[in-house]
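Following the working numbering, the residues of the sequence shown are numbered contiguously, the last one being 697.
Worksheet for the structure shown next.
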Amino acid sequence: MRKFVIVLGALLVFLGVVFVFGKSIYSKPGILEATKNVVIPKGNTNTVLSHLQKEHVLAQGFLNKFVFQAAVRITADQGALRAAEFSIPKQASIQQILQILRHAKPVQHELMIPEGLTRYQVVDLINQAPFLVGKIEVPAEGSILPQTYAYEFGYSREKLLAHMQDALQKTLNQVWKDRKPLEAVKTPQDLLTIASIVEKETAVSRERPMIARVFINRLQKKMRLQSDPTVIYALTDGHGKLDRLLTRKDWEIESPYNTYWTDALPPTPICSPGKAALEAVAHPADGNMIYFVANGTGGHSFSSSLSEHNHNVALRKQKK
């Protein structure tokens, strides 16, 4: 009996030492020299352990491996280890690492879609964005909302595009619901198409409602919109910028997108307008202006008669 007690006592002492030593390894600072984003693969504990050691987050050696595996089992009730991309802080301990893999929010990447891009330009941005997977088809023109989108490592390009399209539809529905009713803007699609032209005509926020008013007045008077961006879209088929200046001959191109040639709206938007452009068409400025021309200082001069417009054009030529 005495021998048994001695053995049991020795065993308890040994286990106590192992526990204390293991706990110190569990909580002591790790070897990671700087904060790092690490993609944790799918797999069992050994798979995760091997990857953490490969990424120099966890030190090599039997003791670290033993403590990590034991800690995973002992704290299993706190949740499973997730496969995702996580930000691991400098010198993270095993305790911190397990907390991150179970409860931290995965790293969020961002993709900004600027206002005024065509569908082909949007697809190029999505295809070039890092950490996304899969392929996408070119969407309908003007079907995505320009803004910044967050996504995680391994997220589907198809799902991200669908999210962008859903954001546009929700925004358009709300803008349409709150709009000022106008005879010239009969449908949400009309509003979207006009907004796309407004978006391409100016980058000056205060001018958008004024340019929207010009186009709405023209539509009400059965006048052609005569918007240069629609001609550029007709010439490029929405693939990008024209690498030269427009000519008068370009105005004669027979295309439903050329608003010098047709007195109707283009059959689709000519780009992806932002919310501000949508709001400008929903709530245009007051006035009877039907012309505008660049004033040479980054903005436009507006007029309600051809003679006044010609005067503004002459002033612009003088500034050149």
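Every residue gets a Cβ at the ideal spot worked out from N, C-alpha and C, and that includes glycine.
Alpha carbon to alpha carbon, how far is K405 from T422?
The count along the sequence shown starts at 1 and reaches residue 405 at position 28. The count along the sequence shown starts at 1 and reaches residue 422 at position 45. Whole-angstrom Cα-Cα distance: 20 angstroms.
Residues that T525 bridges to, as DSSP identifies them:
Counted from its first residue, the sequence shown places residue 525 at position 148. Looking at the DSSP assignment, T525 forms a beta bridge with M489.
Given T412, which residues of its chain have a CB within under 6 angstroms of its CB, disregarding the five upstream and five downstream residues?
On the sequence shown, residue 412 is found 35 positions in, with the first residue counted as 1. Once the five neighbours on either side are set aside, the close Cβ partners of T412 are P466 and K467.
Roughly how many angstroms lie between the CA atoms of S682 and L549, to the nearest whole one?
Position 305 of the sequence shown, counted from the first residue, corresponds to residue 682. Position 172 of the sequence shown, counted from the first residue, corresponds to residue 549. Going by the C-alpha atoms only, they are around 33 angstroms apart.
Hey, quick one: how far does the beta strand (DSSP E) through K577 stretch, first residue to last?
In the sequence shown, counting from the first residue as 1, residue 577 sits at position 200. Not the beta strand (DSSP E): K577 falls in the alpha helix (DSSP H), residues P565 to E578.
Run of the alpha helix (DSSP H) containing Y497, from where it starts to where it stops:
On the sequence shown, residue 497 is found 120 positions in, with the first residue counted as 1. Here the alpha helix (DSSP H) through Y497 covers R496 to Q505.
H616, buried or exposed, once every other Cβ within 10 Å from all chains shown has been counted against 16
The residue given as residue 616 occupies position 239 in the sequence shown. Under this definition H616 is an exposed residue.
Rounded C-beta distance between P418 and H428? I'm assuming under 8 angstroms.
The count along the sequence shown starts at 1 and reaches residue 418 at position 41. The count along the sequence shown starts at 1 and reaches residue 428 at position 51. Going by Cβ atoms, the distance from P418 to H428 rounds to 6 angstroms, so yes, they are a contact pair.
How far does the beta strand (DSSP E) with Y634 in it extend, from its first residue to its last?
Mapped onto the sequence shown, residue 634 falls at position 257. No beta strand (DSSP E) holds Y634; DSSP gives it neither H nor E.
Please return the same chain residues whose Cβ sits closer than 6 angstroms to the Cβ of M489, not counting the five positions on each side in sequence.
By one-based count along the sequence shown, residue 489 stands at place 112. Excluding sequence neighbours, M489 sits near T525.
Are the CB atoms of I647 and Y610 within a distance shorter than 7 angstroms?
One-based indexing of the sequence shown puts residue 610 at position 233. One-based indexing of the sequence shown puts residue 647 at position 270. Yes.
Delimiting residues of the beta strand (DSSP E) encompassing I465:
As a working mapping, residue 465 is identified with position 88 in the sequence shown. I465 -> beta strand (DSSP E) spans E462 to I465.
Where S582 falls: helix, strand or coil (DSSP)
Taking the sequence shown and counting its residues from 1, the one referred to as residue 582 is at position 205. Helix, per DSSP.
Work out the CA separation of A453 and P483 for me, nearest whole Å.
Counted from its first residue, the sequence shown places residue 483 at position 106. Counted from its first residue, the sequence shown places residue 453 at position 76. Approximately 20 angstroms, taken between the alpha carbons.
Per DSSP, which one or two residues make a beta bridge with H677?
As a first step, residue 677 must be located in the sequence shown, where it is residue number 300. DSSP, once it has assigned bridges, lists A671 as partnering H677.
Can you tell me where the beta strand (DSSP E) holding V434 begins and where it ends?
Taking the first residue of the sequence shown as position 1, residue 434 is located at position 57. Here V434 belongs to no beta strand (DSSP E), and DSSP marks it neither H nor E.
Contact set for S582: own chain, Cβ-Cβ below 7 angstroms, skip 5 residues either direction
On the sequence shown, residue 582 is found 205 positions in, with the first residue counted as 1. Excluding positions up to five away in sequence, the list reads A653.
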